[in-house]
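To keep things clear, I will list the structure first and then write my remarks on it.
In the working numbering, the protein residues as written are 461 to 645.
Structure, rendered in structure tokens:
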């Protein structure tokens, strides 16, 4: 049976682009966005849990996030996790609710975030190229087993490269848009 599966390659490449977009959404641009806290995990109940499984996050104002912790005993661990996440946020404890004012971005911080967006994009491009490599290897294996002809392999390799180019272009466009948003240009 043939190993090469075009639909699987497209799915995996679009998954890499979607993952990039999710990562980029978490980068702060000076506006309150609940996805900013998505990467935070909290040490509660003896294990690491995502923040959204111990509290609800909302953005009541353009420059403020609120974290409503469900269990009062988890307020301190949640506060500690937010402070240590490296997002530059300083939670204000208000009972079961933590208020997170979003500070203005300095020019240096904007440049750091733009650089981070570029790093995310490079990881996505690497993931896309790894999927391309897998597709090419599967095509060569199929040809070696005499399941496809050399012409079919070459035609399919061209198709794989086209899919790869489109996925990399989508990743680059997403990163460029985020960098433009971060730098305010």
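All residues carry an ideal CB built from backbone N, CA and C; glycine is no exception.
Could you give the DSSP three-state label for residue 531: helix, strand or coil?
Note: residue 531 maps to coil in three-state DSSP.
Which residue or residues does DSSP assign as beta-bridge partners of residue 521?
Answer is 524, bridged to residue 521.
Would you call the CB atoms of residue 511 and residue 541 closer than 8 angstroms?
With a cutoff of 8 angstroms on beta-carbon distance, residue 511 and residue 541 are scored as near each other.
Just grab the DSSP bridge partners of residue 553 for me.
Paired residues: 558.
Reference residue 520; option with closest CA among 501, 535, 491:
Nearest of 501, 535, 491 to residue 520, Cα basis: 491.
If I follow the unbroken beta strand (DSSP E) through residue 507, where does it start and stop?
Looking at the DSSP string, the run of the beta strand (DSSP E) that includes residue 507 is 507 to 510.
Separation of residue 589 from residue 517, as counted between CA atoms
Approximately 36 angstroms, taken between the alpha carbons.
Who are the Cβ neighbours of residue 502 in its own chain at under 6 angstroms, not counting the five residues just before and after it?
Excluding residues within five positions, the ones whose Cβ falls inside 6 angstroms are 509, 511, 514, 537, 538, 541.
From the DSSP output, read off the bridge partner residues of residue 501.
Looking at the DSSP assignment, residue 501 forms a beta bridge with 510.
Three-state secondary structure (DSSP) at residue 516?
The three-state secondary structure of residue 516, taken from DSSP, is strand.
Nearest neighbour of residue 633, chosen from 565, 562, 494, 580 [CA to CA]:
Per the Cα distances, 580.
As assigned by DSSP and simplified to three states, the class of residue 607
Three-state DSSP puts residue 607 in coil, outside helix and strand.
Taking only three categories from DSSP, how would you classify residue 460?
With the chain covering only 461 through 645, there is no way to say anything about residue 460.
Delimiting residues of the alpha helix (DSSP H) encompassing residue 545
It is not in any alpha helix (DSSP H) - residue 545 carries neither H nor E in the DSSP assignment.
How about residue 476 and residue 587: are their beta carbons less than 8 angstroms apart?
Yes, the pair counts as a contact, with Cβ atoms nearer than the cut-off.
Near residue 562, which residues of its chain fall below 6 angstroms by C-beta distance, leaving aside the five closest residues on each side in sequence?
The residues 492, 523, in chain order, have a CB closer than 6 angstroms to that of residue 562 in the same chain once the five nearest residues on each side in sequence are set aside.
Helix, strand or coil at residue 638 [DSSP, three-state]
Here residue 638 carries a helix assignment [DSSP, helix/strand/coil].
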